[in-house]
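Numbering (my numbering), first residue to last: 19 to 231.
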């Protein structure tokens, strides 16, 4: 019995994609048929600092072919030059309400060009995450060790103890065996293991996770 339970746990895996462009039900059904049926993620906030108007459509298309509010998620790419992280999160959340979007989690995307000062970057990040928690938004963080170090320096974030991590490493390996820990995270929730794939008439990234939650 112990061996069976252990083997089952080891074999647990869920596969899904994330998209940044409008994606229709036909493409999403094709992705499901190709094994990416564990979860679905779409962009909801764009780096110039505005709500992605395609998000309600894409999320609705995904949920029309079998995804639900429990395995649908979105990601939020903050605008540094816009400032006011609290306002960005609040505006985003109002749009979610206005569009009656149903999803499990918002992933805050930490990558790209931030300020040159790590102190300012940490302040922006903490204010953004504090606002998300104040709004009672179920959230997570998308970041790599490389970008985390470049943006925040040697920084251990207290929220890592209760916030899931989604990390990118394009090694085409659907495993967490490459994860080394950073920022306060000792173990991830999800891995983006292949990027910029054209499949099913859509542009996607491939993702792997061991649990849905």
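Glycine residues also receive a C-beta, built at the ideal position from the N, C-alpha and C atoms.
State the DSSP-derived secondary structure class of residue 62, mapped to helix, strand or coil. Assignment of residue 62 by DSSP, reduced to helix, strand and coil, places it in the strand class.
For the putative contact between residue 92 and residue 59, defined by C-beta atoms under 8 Å, what is the C-beta separation to the nearest angstrom? Between residue 92 and residue 59 a beta carbon distance of about 7 Å is seen, short of the 8 Å cut, so the two are scored as contacting.
Delimiting residues of the alpha helix (DSSP H) encompassing residue 49: 43 to 51
For residue 160, does the count of other Cβ atoms within 10 angstroms reach 16, so buried, or fall short, so exposed? By the 10 Å Cβ count, residue 160 comes out buried.
Suppose contacts are defined by Cβ-Cβ distances below 9 Å. Is residue 89 in contact with residue 39 by that definition? no
Give me, in chain order, the residues of the same chain whose beta-carbon lies closer than 8 Å to that of residue 27; leave out the 5 immediate sequence neighbours on both sides. Note that residue 27 scores 45 on pLDDT, short of 50, meaning its location in the model is unreliable and no value can be drawn from it.
With residue 98 and residue 220 assumed to form a contact (beta carbons below 8 Å), what rounded beta-carbon distance in angstroms separates them? In fact, because the Cβ distance is near 29 Å, the residues do not count as touching under 8 Å.
Could you compute how far the alpha carbon of residue 141 sits from the alpha carbon of residue 174? 13 Å
Taking residue 41 as the reference, which of 82, 31, 189 has the closest Cα? If you compare the alpha carbons of 82, 31, 189 with that of residue 41, the shortest gap goes to 82.
When the Cα of residue 217 is compared with those of 138, 203, 52, which residue comes out closest? Among 138, 203, 52, the Cα nearest to that of residue 217 is on 52.
DSSP-derived helix/strand/coil call for residue 94: In the three-state DSSP reduction, residue 94 falls in the strand class (E or B).
Considering only DSSP beta bridges, list what residue 157 is partnered with. Note: residue 157 sits in a beta bridge opposite 124.
Is residue 139 helix, strand or coil when you go by DSSP? helix
Any chance you could list the beta strand (DSSP E) runs of at least 3 consecutive residues sitting entirely within the region 156 to 212, in chain order? 157 to 160, 183 to 186
Could you pull out every residue in the same chain whose Cβ sits closer than 7 Å to the Cβ of residue 165, ignoring the five residues on either side in sequence? 128, 129
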